[in-house]
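*Asks:* Just so we're aligned, residue 535 is where the sequence shown starts under my numbering, counting upward by one. Questions regarding the structure given below will be posed in turn.
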Amino acid sequence: MAELILKIVVPEGVKAEEEAQMLILPGAAGEFSVYPHHISMVTPLTPGKITISIPGQKE
């Protein structure tokens, strides 16, 4: 399966960087999923839980 690179950046620097297969993020209009090779977008996030699907790991 194709993968994407997740990089979480805060004002103090990079907090996390790893390969992922899929993300579920909290957005202004509700949760949304991010998959490799899908449409590019820029959208605000809201405070909340980030779900990360990592290659080779069970959820």
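The beta-carbon is built from N, C-alpha and C at its ideal position, and this holds for glycine as well.
Thinking C-beta only, is Leu540 closer than 8 angstroms to Glu551?
*Replies:* Translated into positions along the sequence shown, residue 551 becomes position 17. Translated into positions along the sequence shown, residue 540 becomes position 6. It is a contact, given that the beta carbons lie within the stated cut-off.
*Asks:* Using a Cβ-Cβ cut-off of 8 angstroms (strictly less than) and excluding sequence neighbours within five positions of Ser587, which residues of its own chain qualify?
*Replies:* Stepping through the sequence shown from its first residue, residue 587 is reached at position 53. Same-chain partners within the cutoff: Ala554, Gln555, Met556, Leu557 and Glu593.
*Asks:* Can you find the residues in the same chain that come closer than 8 angstroms, C-beta to C-beta, to Val548, ignoring five residues on each side of it along the sequence?
*Replies:* Taking the sequence shown and counting its residues from 1, one reaches residue 548 at position 14. Hits under 8 angstroms: Lys541 and Ile542.
*Asks:* Do the CB positions of Gly561 and Leu579 come within less than 8 angstroms of each other?
*Replies:* Here residue 561 refers to the residue found at position 27 of the sequence shown. Here residue 579 refers to the residue found at position 45 of the sequence shown. Yes; because the gap between Cβ atoms is below 8 angstroms, this pair is in contact.
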